[in-house]
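There are 2 protein chains.
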Amino acid sequence: MEVREYDAQNYDVIVVGAGHAGSEAALAAARMGNETLLLTINLDMVAFMPCNPSVGGPAKGIVVREIDALGGEMAHNIDKTYVQMRMLNTGKGPAVRALRAQADKHAYHQAMKDTIENQPHLTLRQGTADRLLVEDGACVGIVANTGARYRAKSVVLAAGTASRGKIIIGELMYSSGPNNSQPSNQLSLDLIEHGFKLRRFKTGTPPRVDGTTIDYSVTSEQPGDQEVNHFSYDTPDSVYLKDQISCWLTYTNPTTHKIIRDNLDRAPMFSGVIEGVGPRYCPSIEDKVVRFADKDHHQLFLEPEGRNTEEWYVQGFSTSMPEEVQQKMLHSVVGLEHAQMMRPGYAIEYDVVEPYQLRPTLETKILRNLFTAGQMNGTSGYEEAAGQGLLAGINAGLRAKGEAEPFILKRSDAYIGVMVDDLVTKGTNEPYRLLTSRAEYRLILRHDNADLRLTQRGHELGLISDQRYTKFLAKKAALESELARLNSVRIKPSATVNAFLVEKGATPLKDGVLASEFLRRPEVTYADVCQFIPAPAIELDRRVIEQIEIQLKYAGYIKKAEERVAKLKRMEAKQIPENIDYDAINGLATEAHQKLKKIQPETIAQATRISGVNPADIAILSVYIEQGRIAKVTG
Amino acid sequence: MEVREYDAQNYDVIVVGAGHAGSEAALAAARMGNETLLLTINLDMVAFMPCNPSVGGPAKGIVVREIDALGGEMAHNIDKTYVQMRMLNTGKGPAVRALRAQADKHAYHQAMKDTIENQPHLTLRQGTADRLLVEDGACVGIVANTGARYRAKSVVLAAGTASRGKIIIGELMYSSGPNNSQPSNQLSLDLIEHGFKLRRFKTGTPPRVDGTTIDYSVTSEQPGDQEVNHFSYDTPDSVYLKDQISCWLTYTNPTTHKIIRDNLDRAPMFSGVIEGVGPRYCPSIEDKVVRFADKDHHQLFLEPEGRNTEEWYVQGFSTSMPEEVQQKMLHSVVGLEHAQMMRPGYAIEYDVVEPYQLRPTLETKILRNLFTAGQMNGTSGYEEAAGQGLLAGINAGLRAKGEAEPFILKRSDAYIGVMVDDLVTKGTNEPYRLLTSRAEYRLILRHDNADLRLTQRGHELGLISDQRYTKFLAKKAALESELARLNSVRIKPSATVNAFLVEKGATPLKDGVLASEFLRRPEVTYADVCQFIPAPAIELDRRVIEQIEIQLKYAGYIKKAEERVAKLKRMEAKQIPENIDYDAINGLATEAHQKLKKIQPETIAQATRISGVNPADIAILSVYIEQGRIAKVTG
Ligand SMILES: Cc1cc2nc3c(=O)[nH]c(=O)nc-3n(C[C@H](O)[C@H](O)[C@H](O)COP(=O)(O)OP(=O)(O)OC[C@H]3O[C@@H](n4cnc5c(N)ncnc54)[C@H](O)[C@@H]3O)c2cc1C
Ligand SMILES: Cc1cc2nc3c(=O)[nH]c(=O)nc-3n(C[C@H](O)[C@H](O)[C@H](O)COP(=O)(O)OP(=O)(O)OC[C@H]3O[C@@H](n4cnc5c(N)ncnc54)[C@H](O)[C@@H]3O)c2cc1C
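Quick note, the sequences are listed as chains G and V, same order.
Here the numbering used here is used: the first sequence runs in plain steps of one and ends on residue 635.
Here the numbering used here is used: the second sequence runs in plain steps of one and ends on residue 1635.
Next up, the structure:
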């Protein structure tokens, strides 16, 4: 029987898919005051983690802090539900330091669902979006599998890996969303109908093993930090978790690699079964063994899936080998000789929207008022998804409110900006993952200063409460006044000062120096400085002190980066009119002409980042625009 | 590509499906010392409650206590995870009193999974059983979808509603297990191939609504009990939950009923879409409105789905109406005028094994060493499933250990016995649910004495620890010695005693009476008696006191019931040989002949309960057996 359509409720914003992207999108839109619907296939999968039970790490951890500074939820949610917290790369510079937490994945899901349920203006509902409602080139709503026709001023799609999802374990292959959930099979067909170009990507996950069958004694322990840290700038230090759960490190070995090589003919990755392109930076173990044939071991981290479960995640062991082979591979690893595999690893193939079809707001170029976010834009990772979700939710929210000015994050503003610019400018041939190396201004895009970079904007959007904003301003003021003070107080070459320096192995002072200069010395901490100057008027928060140290010690590098950013900003200011007719520009190289037409960059700066667009092309383009001869009349 | 089969591990017992039946079956088998595999489609659905978030109630609550006394897990698990506890029918006799708890359904799943994970000899694994391994008429294992061939000495199937499951919401229908999980589509085909008769049943669930949109003020509160109660005899009173969550009572009304009647042409129940037979005792609301056309309202209980969620379950509102109609129905209810529906209700159709194909051990008659349990045997309800699971697990465990003697519960032993006897003797034309009216000895099968009835047997099976058994024996001894004392101490007609009786509105004593007789008076409690006799040597537990009161006050009725049981036991003792040849018995009525051949009762008592088998047939059968002319030679 045909499902009968009916007019269900109207909303300002509709978000499809309550994964990591959709949850942020919906919360942001609702917090901006829009009546928002969040529709998802299964309410028991809200903000579900189908892969690693962790949040953060290099680049990703910075995204979580950016989300927090903009008023998103991910940082709060992990702060409520982690079982281990660790600062990575503490020995390295501040740009690559990274906070990472192990999540209790069920608690994570539950906490996010609870937050969504209690968010005013937000309705969470189970259902599957099967097609878009489109009028005059604009998306005006969606139709669910139950026949419900929901209309809205803007729509965000965040379908993750569910779109025509296919699970693959060796020769076994079946239609499924992640974690054996229902896939979404109709929406892709509808997108294609509307002219969207889709492609197939794949990602994979490792087997889970029974912790009671692991021999931890032959692996090495990775405990959580004693030192307090949180993702959210808002989380009080007092709630830092005492009772953390350790992870454990072990390795693959030549036997593991031999088992894999002996079974490559059964590996879907290599036998031609998998059509989708996999993530280079999160490769399967079979991929690693083939690509790095000379390495005789790879790290494996054993990570708990939660506090009340014995399931353990074998990080680094992602695989779509047949179950039989997976079990053998596991048993070859030290510590896992007798490990019971509770779930086999698997690969999943799914549809993504080619991201060159998107604007920097994540609105699609094909249908107005339609935004896409998360894994369906070709990325991989919860944080990448959440960052996009927040951006798309904000822009969908602004659109619904009739605001003309969109919300765009530049490459120099945030990692989220880097990611979105990469996606819409360069597209991606494989699941895209954020890496610190993707950011040219990474000394500016630090995890410690995300609040300084973005809280202001979060507040302007209405996503940061006045109360939090006031607290933020106080922090900023404390920071500035203390920096000013350190730039005026002098430290004299007294006997105590020089004794201190000598003890630290540093050269003694000959003349007096500013406290700020003194602190710039690598051996010296803020606490040291305080021994030699009066105490500040008010006691400073540990995060203000951290900021002072970083800003002073890295001042030179930061200044250079800022100069480059300023230059970029001038280029970003040079808008390319939307109705430009590239066919009318003489002299563009063929490749540049094609790429510009396809990607439709919004600024000269963005145009310069398109591969195949050369400085000569940029010069021609700039002159053309400056002469004002921009376009044929558009119909 | 064809999935390649491989020899995976061998076990003593394999259990397929980790629902309520499978969880008990696997725990029991493992606790008896069998190496046990529990294979299930999705580890995130272990002991999942797809319908009402509650355990217990009339008859069902007694099953939970029986499970506990036999060393099963359900009682422990709900005692760990309830959010409200209530004793129902406190104003009525002890046979129909019933404990009922609201569960935090996610916590319930997690706690059971954790218990299973930590159970020695038990391996929990994700996978789907696609077919049986059969040799010489015996089941010797199963093959999973991944190609794993697991062998075992006995196998329990507990597939629930997943077998060729189909979800139906109005005109929408799709292949799915409960709660949008993956269905199991192969195993049914394999069972048919082996000669099993399957049929289609259906069950349904109501919509869930957002608690933040309910107007509780116009409904009436149903708080939990102050008085301490637990399901497990083992749970200490000290952990009784203080901070309970209330339920709320509201009603349907003529408007609701009109909406339903106006849309009956779209109701899958009536439009012919649903082929499966639904549960009479858990009907959908559309069913109730049609069947009880003169009733102008029906009770609806609003029940929380857990502590950390705003989802509420609308008990009594089960429906498979189109989503559009469901929403209207909801909005017509007082308190739900503005309720947001978070998930629509749905019906699910699934395969069941006709239970006449089973023995009282739940072993199938068709394949030796194969047992089935739970919803797939045609029942409905978590407790019914768990009770069968425990029984099947025990018998599969005994078989694997080579024990000749099976474990059978008679109708007079336990509600579980009543249920299993009903199923295998009478079959069922609709999802079978336990009711107190099904038990002819219900004054004996009380919830308060399940431990006295069954702990001994649980201990013999190795499912009740020595420690717990010792505690149980102490309780029994205390009970018996206090009963003996009350049967010997006398209360004299003193002034205080008679003043007390007069105040209670009872007739004063003329002569002295035994304390036990005194207590038998309806107005008198054990505490009252204690005012007039010396205190017992040791302080008695509240449960011992409860037992004393019930046993004394209902002594007459209990004695009569026990006499009937004794008679039954004599009939149960009359075994019908397994190789009896009904074709060789002259004089049986045609219907009796057919039914006896189909059902193959194991005792004369069971034969008497088969509908269509009359006393005359029983007489002929008895004579035939007593004459020893029992069988043709069997090949
Ligand atoms: C097997 C597997 C392995 C992975 N491995 C890695 C890894 O190694 N490293 C890494 O960084 N990331 C990995 N990921 C990716 C990570 O899970 C995702 O990046 C992240 O979950 C994406 O978030 P999202 O919100 O975009 O999508 P999802 O979290 O997938 O959420 C999408 C949601 O939308 C719902 N939905 C889809 N279609 C519809 C529809 N039509 N109507 C209604 N609802 C719909 C889905 O049911 C789902 O709830 C893996 C994912 C999977 C499944
Ligand atoms: C929509 C719905 C409404 C219901 N309404 C009511 C009601 O109103 N009243 C009531 O009393 N009861 C109701 N129930 C029934 C209640 O859910 C069941 O009685 C109970 O869950 C049965 O327990 P079970 O263990 O037999 O099966 P389930 O709890 O269904 O567990 C079976 C498990 O086996 C797994 N499985 C199935 N096939 C395979 C396979 N081939 N290989 C591996 N694993 C497999 C499944 O994935 C599942 O985890 C309802 C159930 C549903 C789904």
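By construction, the Cβ of each residue, glycine as well, lies at the ideal position given by its N, Cα and C atoms.
Just so you know, these numbers come straight off a predicted model, no measurement behind them.
Give the DSSP-derived three-state secondary structure of residue i in the structure shown.
i, result
"G:K295", "coil"
"V:E1363", "strand"
"V:V1633", "With a pLDDT of 40 at V:V1633, under the threshold of 50, the predicted position of this residue should be treated as unreliable, though the coordinate-derived value follows. If DSSP states are grouped into helix, strand and coil, V:V1633 belongs with coil."
"G:R520", "helix"
"V:Q1627", "coil"
"V:Q1186", "coil"
"V:D1225", "coil"
"V:I1192", "helix"
"V:F1270", "helix"
"V:Q951", "Residue 951 of chain V lies beyond the residue range present for chain V, which begins at 1001 and ends at 1635; the question has no answer from this structure."
"G:M32", "coil"
"G:A561", "helix"
"G:P178", "helix"
Taking 9 Å as the cut-off, decide whether the C-beta atoms of residue i and residue j are in contact.
i, j, result
"G:N253", "G:V334", "yes"
"G:H109", "G:G374", "no"
"G:G137", "G:R151", "no"
"V:D1413", "V:P1360", "no"
"G:Q327", "G:P206", "no"
"V:I1652", "V:K1202", "A query on residue 1652 of chain V cannot be resolved here, the shown segment of chain V reaching from 1001 to 1635 and no further."
"V:Q1244", "V:V1083", "yes"
"V:I1167", "V:N1180", "yes"
"V:H1194", "V:V1143", "no"
Expressed to the nearest angstrom, what Euclidean distance is found between the alpha-carbon atoms of residue i and residue j?
i, j, result
"G:N10", "G:M32", "17 Å"
"G:P322", "V:K1476", "56 Å"
"G:G224", "V:H1076", "33 Å"
"V:L1157", "G:T455", "57 Å"
"G:R446", "G:I545", "15 Å"
"V:V1424", "V:L1596", "12 Å"
"G:G505", "G:R86", "30 Å"
"V:R1521", "V:K1553", "7 Å"
"G:Y432", "G:T379", "4 Å"
"V:Y1281", "V:E1460", "36 Å"
"G:R453", "G:E66", "8 Å"
Looking at ligand 1, does it come within less than 8 Å of residue i, judged from the CB to the closest heavy atom?
i, result
"G:V16", "yes"
"G:I394", "no"
"G:Q606", "no"
"G:Y127", "Per the sequence shown, residue 127 of chain G should be read as Gly rather than Tyr. Yes, Cβ of G:G127 sits closer than 8 Å to a heavy atom of ligand 1."
Could you pull out every residue in the same chain whose Cβ sits closer than 7 Å to the Cβ of residue i, ignoring the five residues on either side in sequence?
i, result
"V:K1410", "G1417 and E1572"
"G:T634", "Here the model assigns G:T634 a pLDDT of 42, short of 50, so the residue's position is not dependable and the matter cannot be decided."
Regarding residue i and ligand 2, is the C-beta to nearest heavy atom distance less than 8 Å?
i, result
"V:H1298", "no"
"V:I1348", "yes"
"V:N1179", "yes"
"V:P1268", "no"
Which same chain residues, not among the five before or five after residue i, have their C-beta less than 8 Å away from its C-beta?
i, result
"V:L1514", "L1486, N1487, S1488, V1489, R1490 and I1491"
"V:I1558", "L1443, I1444 and Q1551"
Between residue i and the rest of its own chain, which residues show a CB-CB distance below 6 Å, the 5 nearest in sequence each way excluded?
i, result
"G:K632", "Reliability of the predicted coordinates at G:K632 is poor, the pLDDT of 44 falling under 50, and the value obtained from them is presented with this limitation in mind. Cβ neighbours of G:K632 beyond the five flanking positions: D581."
"V:M1049", "K1105"
"V:L1370", "C1139, V1155 and T1364"
"G:H338", "T213"
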